[in-house]
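For reference, the structure discussed in these notes is given below.
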Amino acid sequence: MPDRLSWSVAWRGLVRSKRLTALTLVVLSVSVILVIFLTALIDGLERDLVEETTGAIAHVLIEPREREPLALWNREQPAAPDDGLLYLGERTTLTSQKGAIDNWPRWTRLVDRFGPEIQGVSPAAEGQGFVIRGEKREAVRLYGIEPRRYDRLVPIQKNLVEGRFYELGPGEVAIGYKLAETMGVDTGDRLQVTTSAGTGRSMRIVGLFDTGFGGVDNAAVFMRLGDGQSLFGLGASVNAIGVEVHNVFQADRVAEQLQRQVPYAVTSWIADNERLLRALEGQGRSSDLIIFFTAVAAAFAIASILIVLVTNKLPEIGILKAMGATRRQIRTVFALQGALLSLVGGILGASVGALTVKLLSKIEGPPTASGRTEPLFPFELSPELVAGTVVGAVLIGFVASLVPALRASDVDPIEVIQNG
Amino acid sequence: MADVTDEQRSGPTSEAEDAILRLDDIRKTYTNGVDEEVLFGVDLELRTGDFAVLVGKSGSGKTTLLNIIGLLDTPTAGRLFLDDRETSTLDEDERAQLRREYIGFIFQFHHLLSDFNVLENVLMPCRIRGKEHEEAAHDRAVEMLQMVGLGEKIQTPVNELSGGQQQRVATVRAFANDPTVVLADEPTGSLDSETSRSVMDLMRDINRETGTAFLMVTHDPELTDYADRVVELQDGRIVGNEG
Chain H
1121 MPDRLSWSVA WRGLVRSKRL TALTLVVLSV SVILVIFLTA LIDGLERDLV EETTGAIAHV
1181 LIEPREREPL ALWNREQPAA PDDGLLYLGE RTTLTSQKGA IDNWPRWTRL VDRFGPEIQG
1241 VSPAAEGQGF VIRGEKREAV RLYGIEPRRY DRLVPIQKNL VEGRFYELGP GEVAIGYKLA
1301 ETMGVDTGDR LQVTTSAGTG RSMRIVGLFD TGFGGVDNAA VFMRLGDGQS LFGLGASVNA
1361 IGVEVHNVFQ ADRVAEQLQR QVPYAVTSWI ADNERLLRAL EGQGRSSDLI IFFTAVAAAF
1421 AIASILIVLV TNKLPEIGIL KAMGATRRQI RTVFALQGAL LSLVGGILGA SVGALTVKLL
1481 SKIEGPPTAS GRTEPLFPFE LSPELVAGTV VGAVLIGFVA SLVPALRASD VDPIEVIQNG
Chain X
241 MADVTDEQRS GPTSEAEDAI LRLDDIRKTY TNGVDEEVLF GVDLELRTGD FAVLVGKSGS
301 GKTTLLNIIG LLDTPTAGRL FLDDRETSTL DEDERAQLRR EYIGFIFQFH HLLSDFNVLE
361 NVLMPCRIRG KEHEEAAHDR AVEMLQMVGL GEKIQTPVNE LSGGQQQRVA TVRAFANDPT
421 VVLADEPTGS LDSETSRSVM DLMRDINRET GTAFLMVTHD PELTDYADRV VELQDGRIVG
481 NEG
């Protein structure tokens, strides 16, 4: 614990050297502002990018395994009819490459109870299809879902522009506002909805939404689960269970654990987006480098200014040592100065940085066609970032003060006294 | 700090029973490429209440000797006893502790700390020792400042004082910690004759009042009048020690 001597000499030195102290505080504050601004911006960009990628899809998807072709010579041979002919194939009644999830309520419950990391589970009868109205025909993805469950995966209800989503009735669909614009339809109009296998029916539009995700707003058609099951010929089964997790980066782990408990294929969004993850990692490393070099620059600035302070105070340090001050007391003076400067500079910089980020966050970008607006700068500012930056600044200040502190403690009182 | 060992304690001789400082064959050689011997076996004793003056020509080794006595420098050979404690084997921190407990310094230049006021400067040696020492010495420090005519200026920044006033503050500072020995190196060297006399009077008064031993290096023959004893150093050897 620093004693009164170290505190008083450190504090008075800073107060009396107003210009140097102010210069150090400015350098430190600007460094901290830079770190907070850049980190908040990069974190925000990362958040947006991940949201853009994962916001419109299930983080973990449980699907029936694809049927894999088996070579005839590896297959257990059925008893060949004794008709003298050689059969090279086998007649089958299977029409789809994928099967179905029959007892889906059981698996849905299982996933629901899996753990706190699960945010939502939604069974679906889904697949590719078309919507047709008059001459217009658009390729879409058809989702037969339970709206309230699905809403936990992709927020549709709160993004409704018109109509309804939760209360979809039989023969009713909700579509994106962009798709509605393309097809020239509105709520109340009817669309012919057809699967890629050719099964179709006429359905009425009861809801338009604007999620901000192009893939959903342009090409998604939502209907009741029963309608989807009927269109895709699944009976009472579904062909997918979507799972939403709180931390998207934990999706791989959750998928791996779920895979041990369900007899279906479990994949996470991460497996399909490795390039994005690599890009995020690269962005994270760039951010770390920027912070590192900013910290180094700040450390050099503090060290340089403290060296000037030490040089100015060499005679007084020598006299203190002559009067019996220990090397430790002298070192503590300058370590304290470094820590005090960086604490005040850190708090100042963090306050200004956080305020700047908050103010810039309020600036909104141009609205979309549906009137939706988003912040121009996608900042992600957390209390941990602000507190961590201040703590980091204090540590850097302390470390930067070590060299000048050691130099000060090495002062020879005899030289000081002889040189006046 | 380690306790004083029997080896470190050397029983004082009968003649030096009240010696608080004893130098025994102190030698000092500087090595800068070639050896330069500065002190050649100096023996000296200082007793409680002594007011000794160390005189000698430039280069005679006065300042080197004073630095060794003040534990700012170490002898190449010989032994130095401070209050019966052998000091030549102590490390830097142990010597710093002895300095702050036993020794007061007055330098030719006042060397006050510019960031502190008069009273804080006087109390600085006590502050180095700890808060309790500073608090205990407060009233005495104020009293001494009043004695030297600076009672009205105890809160004044030291850089607002005249040269004479600053040297008086430095003198009072040397006594604040109630030292056993005060070492003064040309304490009036930068002062006019009138101020010099007032500073010397002050030192003599304190010496008589407190019994603090004094060893003062000076070039000024007039100042030897203040001394009980004049020690003359010539070419690193004591050639006169008159009481």
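Chains as they are written, first to last, in the numbering used here: chain H, 1121 to 1540; chain X, 241 to 483. Yeah, the Cβ is synthetic: ideal placement off N, Cα and C, and Gly gets one too.
Taking buried to mean at least 16 other C-beta atoms within 10 Å of its own C-beta, is K1298 of chain H buried or exposed?
buried
Below-9 Å beta-carbon distance, E374 of chain X vs any chain H residue:
yes
Excluding the 5 residues flanking R1139 of chain H on each side, which residues of the same chain have their C-beta closer than 8 Å to its C-beta?
Closer than 8 Å at Cβ, skipping near neighbours: no residue.
Kindly indicate which residue of H:T1493, H:E1255, H:V1368, H:A1340 has the alpha-carbon position closest to the one of T1173 of chain H.
H:V1368
Rounded to whole angstroms, what's the CA-CA distance from G1219 of chain H to A1244 of chain H? Just pull it up for me.
14 Å
For the pair the region 1426 to 1434 of chain H and the region 393 to 409 of chain X, tell me if three or more CB-CB distances fall below 8 Å.
no
For the ligand ZN, is there any heavy atom lying closer than 8 Å to the beta carbon of I1162 of chain H?
In terms of ligand content, the structure shown is empty, and the ligand ZN therefore cannot be addressed.
Between the alpha carbons of T1215 of chain H and A1317 of chain H, how many angstroms are there, rounded?
A caution first: T1215 of chain H carries a pLDDT of 49, below 50, which makes its placement in the model too unreliable to give a value.
At a Cβ threshold of 9 Å, is S1128 of chain H touching chain X?
True, the Cβ-Cβ gap to chain X drops below 9 Å.
Can the beta-carbon of V457 of chain X be found less than 9 Å from the beta-carbon of K302 of chain X?
yes
DSSP on Q395 of chain X, reduced to helix/strand/coil?
Q395 of chain X sits in coil when the DSSP states are folded into three classes, being neither helix nor strand.
Segment contact, 8 Å Cβ cut-off, at least three pairs: the region 1154 to 1169 of chain H with the region 1500 to 1517 of chain H
Of all C-beta pairs linking the region 1154 to 1169 of chain H to the region 1500 to 1517 of chain H, three or more are shorter than 8 Å, placing the two stretches in contact.
Tell me which residue opens and which closes the beta strand (DSSP E) that G318 of chain X is part of.
317 to 322
In chain X, what lies closer than 7 Å to I1534 of chain H by C-beta?
Those are N307, L312, D313, listed as they occur along chain X.
is_contact[V1531 of chain H, chain X] using C-beta, thresh 9 Å:
no
Examine chain X for any beta-carbon lying closer than 9 Å to the beta-carbon of P1111 of chain H, and answer yes or no.
Here chain H comprises residues numbered 1121 to 1540, so residue 1111 of chain H is not present and cannot be evaluated.
I need the straight-line Cα distance from V1386 of chain H to L1480 of chain H, nearest angstrom please.
Looking at the two C-alpha atoms, the distance is approximately 41 Å.
Does H378 of chain X have its Cβ less than 9 Å from a Cβ in chain H?
no
Is there a C-beta anywhere in chain X that falls below 9 Å from the one on G1448 of chain H?
The sequence shown places Arg at residue 1448 of chain H, not Gly. For R1448 of chain H, the answer is yes, since a Cβ of chain X falls inside 9 Å of its Cβ.
What would DSSP say about V244 of chain X, mapped onto helix, strand or coil?
Confidence in V244 of chain X is poor, its pLDDT being 39 and thus under 50, which makes the residue's placement unreliable; the coordinate value appears in the next sentence. In this structure, V244 of chain X counts as coil in the three-state DSSP scheme.
Please check the pair Q1248 of chain H and R1261 of chain H, which I expect to be a contact at CB under 8 Å, by giving their CB distance rounded to whole angstroms.
6 Å
Neighbour list for R339 of chain X in chain A, Cβ cutoff strictly below 8 Å:
Note that chain A does not occur in the displayed structure, where the protein chains are H and X.
Close-in-space but distant-in-sequence residues of the same chain around V1536 of chain H (CB under 6 Å, 5 per side omitted)
P1435, G1438
Find the residues of chain X that neighbour G1469 of chain H, judging by a C-beta separation of less than 9 Å, and give them in chain order.
Those do not exist, as G1469 of chain H stays about 27 Å from chain X at its closest Cβ, beyond 9 Å.
Taking Cβ to Cβ, would you say Q1449 of chain H is nearer than 9 Å to D1123 of chain H?
yes
Pull up the distance between the alpha-carbon of V1336 of chain H and that of V1382 of chain H, whole angstroms please.
28 Å
Among residues of its own chain, excluding the 5 on either side of L1526 of chain H, which ones have a beta-carbon nearer than 7 Å to its beta-carbon?
Same-chain partners within the cutoff: R1451.
Roughly how many whole angstroms lie between the Cα atoms of G1283 of chain H and A1176 of chain H?
20 Å
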